[in-house]
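S.K.: Its first residue numbered 53, the sequence shown is counted upward by one per residue in the numbering used here. Ideal Cβ positions, reconstructed from N, Cα and C, are used throughout, including at glycine.
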Amino acid sequence: MQRQKTLLSYLKKPSPEDQSSGDNTINGREFLSKNAVPIDLKEEILGTETPPEKVPLPFNNGHKSSVFSSIKHKFSREKPRNIAKGDPCKISSVCTKNEGSDGLGNASVSLQSGTNRSFVSSNGNSNQEGKGLVSLIASDDHGFGPETPSMQPYVPGLKRDQDNICSSGDRSDCFSLNASKRIKSLKGLNFERKNLEEEFEMTSKFEWLHPSQIKDANGRRPGDPLYDKQTLYIPPDALRKMSASQKQYWDVKCKYIDIVLFFKVGKIYELYELDAEIGHKELDWKMTQSGVGKCRQVGISESGIDEAVQKLLARGYKVGRMEQLETSEQAKSRGSTSVIRRKLVHVLTPSTTSEGNIGPDAVHLLAVKENCNELGNGSTTIGFAFVDCAALKVWVGSIDDDASCAALGALLVQVSPKEVIFNARGLSKDAQKALKKYSSTGPAAPLLSPVQPGADFVDPAEVKNFLDLKGYFKRSCNKWDHTFDGENHNVALCALGILVNHLERLMLDEVLHNGDVLSYEVYKGCLRMDGQTLVNLEIFNNNADGCPSGTLYMYLDNCVTLPGKRLLRKWICHPLKDVEKINHRLDVVDKLVNNSDATLSTAQYLRKLPDLDRLLGRVKASIQSSEALLLPLIGAKILKQRVKVFGLLVKGLRIGLDLLRLLQKECLTSSLAKVVSLPVLDGDNGLDKFLTQFEAAIDSDFPNFQDHNGTDFDAETLSILMELFIEKATEWSQFIYAISCVDVLRSFSITAKFSSGVMCRPVILPLSKPSNFCNETGGPTLNIKGLWHPYALGESGGLPVPNNLHLGGNTNIRYPRTLLLTGPNMGGESTLLRATCLAVIMAQLGCYVPGETCVLSLVDIIFTRLGATDRIMTGESTFFIECTETASVLQNATYNSLVLLDELGRGTSTFDGYAIAYAVRFPIIFFYWMID
């Protein structure tokens with residue numbers, strides 16, 4: 053407390069009497085002069101710590117000597133020394149932050165030389181005494197303990213030299229190192245600090261890049277609704293003044309202002325201006341004024357460019373690379389003033405990356421096109437197209453939706469895109485709300501990229517002519533025009549046009565020329581679950597933090613291969629609605645459960661497999677794309693990567709063939725053939741003989757294929773081998789799909805065998821017909837004995853209490869088709885509701901069900917109204933959302949639907965909630981559903 057009072061008195065404003073008391077005072081504090089009285093430091097500040105001082109431990113003061121007595125002087129506190137009178141070398145100065153200062157940069161230093169005193173602030177300005185400066189007296193270190201170098205106060209080198217001279221005996225020379233040299237030293241430090249600040253706060257020399265002046269290619273400012281974020285306006289006068297290298301860069305950059313563009317100069321990749329700011333911010337690269345046109349620039353060598361690109365992609369940036377098409381010697385051969393020719397080779401985005409560590413999940417880029425119907429009832433048709441660049445596959449389709457956009461939500465959850473491109477003016481407000489709503493359900497929200505009105509297609513005929521003119525998708529396994537079957541093929545074709553236009557801008561020609569176009573169905577032929585149901589049941593992402601932990605996907609995921617994990621996700625999105633197909637899957641799972649040796653051997657083969665699906669896609673992308681091999685400096689690197697990819701694919705397919713032969717010996721292929729179409733392995737047209745030829749070619753031409761330094765002859769050989777190999781691309785795709793099915797079915801068997809509770813094979817009954825239901829001779833059935841939630845375990849790992857559930861029945865035993873479930877708070881009602889839905893989904897996947905016995909008829913749609921959420925920022929309250937989701941149930945439920953309503957009407961009073969629940973229950977009392 054005494055030290056706190058001393059500190060407050062020290063910083064207290066001086067009184068008028070103190071200011072006029074004499075020449076040797078500033079702010080009420082005395083300064084040393086030649087005739088100054090020594091200051092007793094005991095009465096001054098002993099430090100800046102506010103807690104009271106620790107009392108030193110008592111020492112042994114006895115007469116007996118001890119080991120500690122010889123070193124106790126190191127632990128004792130040294131008494132403060134008085135400053136001798138007139139000692140000019142004992143200058144006490146401590147820099148602190150005074151009023152109006154900013155950190156250590158504005159600290160003040162007081163210097164004394166005889167009777168003349170000057171005070172110099174850190175900005176180099178000289179102030180006379182008494183003008184708001186605070187001078188502090190240095191204090192001794194009060195830390196208790198051994199004296200170590202780390203405990204010594206920091207002393208500048210100039211001060212140490214000054215002390216050494218003063219202690220040598222010639223004190224008359226001390227002042228020669230005093231004020232003038234210390235002022236020069238402080239000015240030097242300030243100059244270096246100012247240069248450092250200027251280095252990181254450099255502004256662009258181009259006025260048209262300033263935020264207040266920036267425009268798009270059409271001269272629109274960012275506030276304009278038609279502003280194009282992809283282009284940049286450069287004044288013609290500025291272009292004329294640029295050098296040839298500058299024009300090379302800015303001619304490309306003005307069309308790709310939204311990407312981080314690397315410009316190759318020799319063996320260095322450089323970023324300029326706005327991109328240099330990103331490189332400095334994200335990668336901590338030093339920014340300098342150099343490069344093309346002496347502008348802001350950062351750079352990285354050839355060896356580090358791949359890592360830098362992956363880091364920027366992971367942070368959500370789009371990255372392009374301008375490569376040199378010739379060497380400097382080749383450029384000089386065309387003339388001494390010739391400039392090296394460069395070209396934008398490709399543009400990578402987080403949604404189109406195909407190399408590097410992209411993870412097990414598929415990376416999708418989704419394009420959406422909406423066509424509102426003229427009926428005026430809120431119904432709409434949405435066409436979509438999405439691409440997986442790593443696997444070289446494009447899917448197209450369309451969905452019918454209403455104002456709730458539940459089908460669009462299902463599409464977004466199923467595809468889980470990294471980026472969504474759409475025409476903002478052609479998309480309704482409800483659809484845009486759905487994009488934002490379902491984009492926030494996962495751990496990472498996708499990028500929503502509106503396209504310019506001129507970048508989309510309105511006429512389907514225009515899209516067809518465009519694709520035919522460019523020759524896109526000529527090598528697709530299916531004719532792309534045969535994919536568009538159905539009533540809404542026009543809107544799906546327009547969505548494909550938006551996607552193709554975007555891929556063309558990113559220069560992904562390998563996808564457009566070699567990719568496969570496939571049809572995608574959101575609901576057709578499977579158990580239907582809309583987007584809200586997938587979110588409520590936490591199928592792929594939990595509602596706590598959006599991660600996969602605590603979800604059905606994580607519970608069932610015991611897959612070993614990456615294609616198997618992706619196939620499992622597709623199966624969960626589309627549970628079967630065919631009794632025969634479900635039983636075929638269950639037959640394979642049964643055999644794997646009962647044959648532990650086969651399951652173990654299968655896992656051993658699967659662990660050796662690389663990602664065959666993506667390797668096949670990269671091989672297909674290399675067909676007729678030899679231009680990249682001609683690029684200097686990186687052509688050899690690209691060839692080396694292609695040799696490695698092709699070798700890994702051939703060796704991996706051999707492991708897959710050995711796995712299928714193992715399953716033949718275990719008598720599993722007969723059951724597996726009913727689940728998936730197996731390729732022909734033996735014979736003249738079999739894959740075994742075909743693959744053996746390529747194995748021999750790899751062993752002879754590329755024995756060390758994982759680290760092969762190729763030549764021009766090797767490039768030609770590899771190109772021929774790849775073209776011959778791709779002749780059976782369709783068979784190889786079917787083969788990889790069969791291996792993935794084996795992995796998923798093995799995962800189901802592991803779940804069934806090693807779960808915490810009892811698992812059983814479900815008995816599946818066909819869909820009930822309305823006629824049978826009305827005659828009360830049968831109907832929907834759901835009977836489960838000992839049902840438990842598969843992954844809602846207690847903190848100690850204990851299982852939840854199992855429950856028996858009986859809904860509906862056949863002609864012999866009939867139960868009510870409606871269950872009204874009540875109980876106290878935290879009584880487990882919601883857990884039972886979710887467990888019922890999960891059991892139905894697992895059964896129709898062909899997996900075992902958590903319970904002792906399970907008999908159910910097929911379910912066509914699952915509806916859920918769970919939880920209490922609101923979207924106030926979009927004008928949707930909790931009650932509004934409840935009514936919207938309930939209205940969707942009343943409009944779309946069928947005889948075979950499973951409906952879960954949890955606390956319907958909770959946003960209203962007791963009687964209103966009861967009235968709503970009763971009114972909703974009555975119209976569909978004959979349906980089979982549950983109410984909490």
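1. Using the rule of at least 16 other Cβ atoms within 10 Å of the residue's Cβ for burial, across every protein chain shown, is VAL563 buried or exposed?
2. Determine the contact status of CYS457 and ASP440, defining contact as a CB-CB distance below 9 Å.
3. Ends of the beta strand (DSSP E) at ASP453?
4. Does the region 463-470 come into contact with the region 409-426, if we say contact requires no fewer than three beta-carbon pairs (one atom in each stretch) closer than 8 Å?
5. With C-beta atoms as the reference, is ARG694 less than 9 Å away from GLU407?
6. Please report how far the alpha carbon of TYR867 lies from the alpha carbon of ASN593, in whole angstroms.
7. Beta carbon of LYS307, beta carbon of ARG394: below 9 Å?
8. Would you kindly work out how many angstroms separate the C-alpha atoms of LEU548 and SER491, rounded to a whole number?
9. Would you please state the rounded distance, in angstroms, between the beta carbons of GLY449 and SER571? I believe it to be under 8 Å.
10. Determine the DSSP secondary structure at ASN855, reduced to helix, strand or coil.
11. Return the residue from the list ASP568, GLY738, SER792 that minimises the CA-CA distance to ARG618.
12. Can you find the residues in the same chain that come closer than 7 Å, C-beta to C-beta, to ASN540, ignoring five residues on each side of it along the sequence?
13. Between which two residues does the alpha helix (DSSP H) holding GLU556 run?
14. Given LYS726, which residues of its chain have a CB within under 7 Å of its CB, disregarding the five upstream and five downstream residues?
15. Specify, as a first and last residue, the run of the beta strand (DSSP E) that PHE314 falls within.
16. With a threshold of 8 Å, are at least 3 pairs of Cβ atoms found where one atom belongs to the region 281-295 and the other to the region 361-369?
17. Using the Cβ count rule (16 or more neighbours within 10 Å means buried), how would you classify THR379?
18. Excluding sequence positions up to five away, which residues of its chain have a Cβ less than 6 Å from the Cβ of GLY331?
19. In three-state DSSP terms, what is ASP225?
20. Can you tell me whether LYS445 is buried or exposed, with buried defined as 16 or more other CB within 10 angstroms of its CB?
21. According to DSSP, is GLY408 part of a helix, a strand, or is it coil?
22. Cα separation between GLN382 and ILE392?
23. With respect to the alpha helix (DSSP H) encompassing VAL702, which residues constitute its N-terminal and C-terminal limits?
24. For the pair the region 655-664 and the region 697-717, tell me if three or more CB-CB distances fall below 8 Å.
25. Closest to VAL996 by CA distance: which of ASP310, ILE802, GLY577 is it?
26. Grab the span of the beta strand (DSSP E) containing THR905 for me, first residue to last.
27. Expressed to the nearest angstrom, what Euclidean distance is found between the alpha-carbon atoms of TYR966 and LEU871?
28. What residue range does the beta strand (DSSP E) around TYR324 cover?
29. In this structure, what does DSSP give as the bridge partners for ASP568?
30. Please report the residue range of the alpha helix (DSSP H) in which ARG798 lies.
31. Helix, strand or coil, according to DSSP, for GLU955 in the structure here?
32. If we ignore side chains and look at the alpha-carbon of each, how far apart do GLY879 and CYS889 end up?
33. Could you pull out every residue in the same chain whose Cβ sits closer than 7 Å to the Cβ of THR340, ignoring the five residues on either side in sequence?
34. What residue range does the alpha helix (DSSP H) around GLY351 cover?
35. Could you compute how far the alpha carbon of TRP629 sits from the alpha carbon of ASP520?
36. Measure the alpha-carbon distance for GLU934 versus ASP795 and round it to whole angstroms.
M.R.: Walking through what the data contain:
1. buried
2. no
3. 445-453
4. yes
5. Contact flag unset, no.
6. Computed Cα separation, rounded: 34 Å.
7. Annotated as distal: LYS307 and ARG394, with beta-carbon spacing of 9 Å or more.
8. 21 Å
9. 6 Å
10. strand
11. Checking every option, the nearest Cα to that of ARG618 belongs to SER792.
12. These residues qualify, in order along the chain: THR433, GLY435, SER450.
13. Annotation: the continuous alpha helix (DSSP H) that includes GLU556 extends over 541-557.
14. Shown here for LYS726: same chain residues with a beta carbon closer than 7 Å to its own, the five before and five after excluded, namely HIS636 in chain order.
15. 312-317
16. no
17. exposed
18. LEU323, TRP337, VAL350
19. Any reading at ASP225 is ruled out, since the residue's pLDDT is 46, under 50, leaving its predicted position unreliable.
20. Label assigned to LYS445: buried.
21. coil
22. 8 Å
23. 687-717
24. yes
25. As shown, the chain starts at 53 and ends at 984. That puts residue 996 outside it, with no answer to give.
26. 905-909
27. 16 Å
28. 320-324
29. LYS445
30. 781-806
31. In the structure shown, GLU955 sits in coil (DSSP, three-state: anything other than H, G, I, E or B).
32. 18 Å
33. GLN349
34. No alpha helix (DSSP H) contains GLY351, which is instead part of the beta strand (DSSP E) from 347-353.
35. Note that residue 629 corresponds to Lys in the displayed sequence, not to Trp. Straight-line Cα distance between these residues: approximately 38 Å.
36. Taking the straight line joining both Cα atoms gives about 40 Å.
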